[in-house]
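Chemist:
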Amino acid sequence: MAPPTRARWGLLIPAAVLALVAAACGSSSTTSSGTSGGGPVKIGYFGALTGNNSPQLGININNGVKLAVNQYNAKGGGPKVTLVEYDSQGDPAQAPQLAQKVISDHTVAVVGPAFSGESKVADPIFQQGQVVNVTPSATNPTLAEHGWTYWHRIVGNDSQQGPAAATYISSKLNLKRVAVIDDNSEYGKGIADIVASSLPTSGATVPVRDHIDPKATDYSATVNGVNAGNVNAVFYGGYYQNAGPLLKQLRDAGNKATFVSDDGTKDDGFVAGAGAAAANGAYVTCPCVPTPSTPSGQAFTTAYQSAYNVPPGTYSTQGYDAANFILAAIKAGNTSGKSINSYLASNSFNGVTGTIKFASNGQITPPEIEAYQVQNGTITPVGVIS
Numbered sequence: 161m162a163p164p165t166r167a168r169w170g171l172l173i174p175a176a177v178l179a180l181v182a183a184a185c186g187s188s189s190t191t192s193s194g195t196s197g198g199g200p201v202k203i204g205y206f207g208a209l210t211g212n213n214s215p216q217l218g219i220n221i222n223n224g225v226k227l228a229v230n231q232y233n234a235k236g237g238g239p240k241v242t243l244v245e246y247d248s249q250g251d252p253a254q255a256p257q258l259a260q261k262v263i264s265d266h267t268v269a270v271v272g273p274a275f276s277g278e279s280k281v282a283d284p285i286f287q288q289g290q291v292v293n294v295t296p297s298a299t300n301p302t303l304a305e306h307g308w309t310y311w312h313r314i315v316g317n318d319s320q321q322g323p324a325a326a327t328y329i330s331s332k333l334n335l336k337r338v339a340v341i342d343d344n345s346e347y348g349k350g351i352a353d354i355v356a357s358s359l360p361t362s363g364a365t366v367p368v369r370d371h372i373d374p375k376a377t378d379y380s381a382t383v384n385g386v387n388a389g390n391v392n393a394v395f396y397g398g399y400y401q402n403a404g405p406l407l408k409q410l411r412d413a414g415n416k417a418t419f420v421s422d423d424g425t426k427d428d429g430f431v432a433g434a435g436a437a438a439a440n441g442a443y444v445t446c447p448c449v450p451t452p453s454t455p456s457g458q459a460f461t462t463a464y465q466s467a468y469n470v471p472p473g474t475y476s477t478q479g480y481d482a483a484n485f486i487l488a489a490i491k492a493g494n495t496s497g498k499s500i501n502s503y504l505a506s507n508s509f510n511g512v513t514g515t516i517k518f519a520s521n522g523q524i525t526p527p528e529i530e531a532y533q534v535q536n537g538t539i540t541p542v543g544v545i546s
């Protein structure tokens with residue numbers, strides 16, 4: 161995932177970010193020693209908790225992280241851990257300064273960044289500061305291509321999700337004329353481009369390719385273009401805040417094309433924004449497989465509901481697993497970013513979502529992509545695509 165407001169970054173890191181890297185490293189003489197004065201080991205959550213950029217997705221992740229830390233401390237047997245919450249509001253403009261704060265706080269590892277755009281500007285700083293970061297949700301494929309050795313991702317990426325979505329639309333749903341729309345963000349445009357380029361390989365065409373302004377509320381120009389394209393499916397790359405209203409406006413204009421979106425739309429806010437009647441029958445894809453009905457999955461779901469009075473949300477389980485892998489490293493006596501990173505590289509972890517083992521580029525193998533459908537107002541899993 162990546163938040164709706166996103167600038168595209170190339171291979172060159174902006175000078176301002178490099179300056180922050182230098183400043184952060186200059187202020188972090190105890191970063192690789194983990195704790196100062198023998199206090200608790202600090203780990204963090206880094207991502208949106210407030211603001212307009214999909215905060216509910218961040219809250220879901222943070223809840224999973226908090227649950228893991230609370231359970232770890234209650235059980236004992238290792239160094240005490242303190243969780244620090246770094247609310248980026250999903251904004252890449254805020255991420256560099258916040259990443260610097262992570263280092264100056266002597267936080268040795270973070271679950272996050274939650275979104276792809278903030279990852280691109282925060283991860284160079286984490287790399288220089290030797291801060292382990294494990295994202296449960298940032299799916300832009302290029303994050304694995306920068307050589308960041310302190311970066312990890314425990315879900316599949318959009319180069320896997322995009323083709324899976326295209327195959328599902330064309331082969332499983334047998335829909336051959338697809339409008340592809342996105343919110344022009346790093347994440348939304350990225351996955352939409354992949355879907356658009358993948359559809360022809362499975363026998364579909366893309367007669368409409370368009371973008372919306374995520375700050376706008378009137379999508380009539382896009383709706384008119386979709387209607388004129390005589391399509392039988394619409395794929396939207398972006399987030400639930402815009403996906404819901406876009407679908408509502410499509411239905412209000414008489415459009416009956418099957419609506420398909422991505423993991424950024426997998427939130428109850430999508431159904432609320434579209435209205436249950438309009439949302440019913442829509443699909444979303446996600447590298448977040450449902451919490452399994454295994455003993456560990458059932459125990460996690462019970463503990464999560466007890467702690468928060470709601471069932472686990474999108475990426476809650478992945479946040480929990482990411483935190484627990486880090487906590488396993490700490491329990492084994494690793495209290496610096498460098499030693500935690502070595503532990504993650506050389507060990508696997510049996511989490512709720514399955515066995516997690518990182519490849520040399522920080523990604524897991526093999527990933528799974530799940531399809532979900534809105535049924536009676538509820539986003540319901542309907543099967544693994546890949």
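Residue numbers for the sequence shown follow our numbering, beginning at 161 and rising by one.
We treat Cβ as the ideally placed atom computed from N, Cα and C, and that holds for glycine.
Taking the DSSP output, what are the residues bridged to Glu530?
Modeler: The sequence position of residue 530 within the sequence shown is 370, counting from 1. Cys446 and Val544, per the DSSP bridge assignment.
Chemist: My output table needs one value for Tyr396: the three-state DSSP class, helix, strand or coil.
Modeler: For this step, residue 396 is matched to residue 236 along the sequence shown. Tyr396: strand per DSSP, three-state reduction.
Chemist: Return yes when the Cβ of Gly289 is within less than 8 Å of the Cβ of Glu245, no when it is not.
Modeler: Stepping through the sequence shown from its first residue, residue 245 is reached at position 85. Stepping through the sequence shown from its first residue, residue 289 is reached at position 129. Not closer than 8 Å, so no.
Chemist: In or out: Asn223 buried (at least 16 other Cβ within 10 Å) or exposed?
Modeler: Locating residue 223 in the sequence shown gives position 63, counting from the first residue. Under this definition Asn223 is a buried residue.
Chemist: On the DSSP bridge list, what partners appear for Asn220?
Modeler: For the purposes of this step, residue 220 is taken as the residue at position 60 of the sequence shown. Its beta-bridge partners do not exist; DSSP assigns none.
Chemist: Using 7 Å as the cut-off, classify the Cβ of Tyr475 as near or not near the heavy atoms of the ligand SAH, replying yes or no.
Modeler: As far as ligands go, the structure on display features none, and thus does not contain the ligand SAH.
Chemist: Counting C-beta neighbours from all protein chains within 10 Å, is the total for Ser520 16 or more, i.e. buried, or is it exposed?
Modeler: Stepping through the sequence shown from its first residue, residue 520 is reached at position 360. Exposed is the call here.
Chemist: Determine the contact status of Gly404 and Asp342, defining contact as a CB-CB distance below 8 Å.
Modeler: Your numbering for residue 404 matches position 244 in the sequence shown. Your numbering for residue 342 matches position 182 in the sequence shown. Not closer than 8 Å, so no.
Chemist: Does Ala489 come out as helix, strand or coil in the three-state DSSP assignment?
Modeler: Within the sequence shown, numbered from 1, the residue matching residue 489 stands at position 329. Note: Ala489 maps to helix in three-state DSSP.
Chemist: Please report how far the alpha carbon of Thr309 lies from the alpha carbon of Ala376, in whole angstroms.
Modeler: Start at 1 with the first residue of the sequence shown, and residue 309 comes out as number 149. Start at 1 with the first residue of the sequence shown, and residue 376 comes out as number 216. C-alpha separation (whole angstroms): 39 Å.
Chemist: Would DSSP call Lys336 helix, strand or coil?
Modeler: Translated into the one-based positions of the sequence shown, residue 336 becomes position 176. In the structure shown, Lys336 sits in coil (DSSP, three-state: anything other than H, G, I, E or B).
Chemist: Rounded to a whole number of angstroms, what is the C-alpha to C-alpha distance between Thr242 and Val201?
Modeler: Position 82 of the sequence shown, counted from the first residue, corresponds to residue 242. Position 41 of the sequence shown, counted from the first residue, corresponds to residue 201. Straight-line Cα distance between these residues: approximately 6 Å.
Chemist: What residue range is occupied by the uninterrupted beta strand (DSSP E) comprising Leu258?
Modeler: One-based indexing of the sequence shown puts residue 258 at position 98. No beta strand (DSSP E) holds Leu258; the alpha helix (DSSP H) holding it covers Ala255 to Ser264.
Chemist: Please list the segments of the alpha helix (DSSP H) lying wholly inside the segment 489–520, counting only runs of 4 or more residues, in order along the chain.
Modeler: 497–506
Chemist: To the nearest angstrom, how far is it from the Cα of Tyr443 to the Cα of Gly493?
Modeler: Sequence index remark: in the sequence shown, residue 443 carries index 283 (1-based). Sequence index remark: in the sequence shown, residue 493 carries index 333 (1-based). If I take the Cα positions, the gap works out to 44 Å.
Chemist: When the Cα of Phe518 is compared with those of Tyr400, Ala505, Asn402 and Ala393, which residue comes out closest?
Modeler: For the purposes of this step, residue 518 is taken as residue 358 along the sequence shown, with counting starting at 1. Checking every option, the nearest Cα to that of Phe518 belongs to Ala505.
Chemist: If you check the beta carbons only, do Tyr396 and Ser421 fall under 8 Å apart?
Modeler: Here the question's residue 396 lines up with position 236 in the sequence shown. Here the question's residue 421 lines up with position 261 in the sequence shown. Yes. Within cutoff.
Chemist: Take the Cβ of Asn293 as the centre, count every other Cβ of all protein chains shown within 10 Å, and call the residue buried at 16 or more, exposed below.
Modeler: Along the sequence shown, read from residue 1 onward, the residue named residue 293 stands at position 133. Answer is buried; the Cβ neighbour count reaches 16.
Chemist: Tell me Ile203's beta-bridge partners as DSSP assigns them.
Modeler: As a first step, residue 203 is located in the sequence shown; it is residue number 43 there, counting from the start. According to DSSP, Ile203 bridges with Leu243 and Ala269.
Chemist: Pick helix, strand or coil for Ile539, following the three-state DSSP scheme.
Modeler: Position 379 of the sequence shown, counting from 1, holds the residue named residue 539. Three-state DSSP puts Ile539 in a strand.
Chemist: Is it buried or exposed, Ala184, if we count other Cβ atoms within 10 angstroms and call 16 or more buried?
Modeler: Here residue 184 refers to the residue found at position 24 when the sequence shown is read from its first residue. Unreliable placement is indicated for Ala184, whose pLDDT of 43 sits below 50; the coordinate value is still reported in the next sentence. Burial call: buried.
Chemist: Between which two residues does the beta strand (DSSP E) carrying Val420 extend?
Modeler: Within the sequence shown, the letter at position 260 stands for residue 420. It spans Thr418 to Ser421 - the beta strand (DSSP E) in which Val420 sits, taken as one unbroken run.
Chemist: List the DSSP bridge partners of Ile341.
Modeler: For the purposes of this step, residue 341 is taken as the residue at position 181 of the sequence shown. For Ile341, which the question treats as bridged, DSSP gives the partners Asp370 and Tyr396.
Chemist: In the DSSP assignment, what residue or residues form a beta bridge with Trp308?
Modeler: To locate residue 308, count along the sequence shown from 1; it is residue 148. Trp308 is not bridged to any residue.
Chemist: Got a sec, what are the start and stop residues for the beta strand (DSSP E) Asn293 sits in?
Modeler: Locating residue 293 in the sequence shown gives position 133, where the first residue counts as 1. Run containing Asn293: Val292 to Thr295, per the beta strand (DSSP E) assignment.
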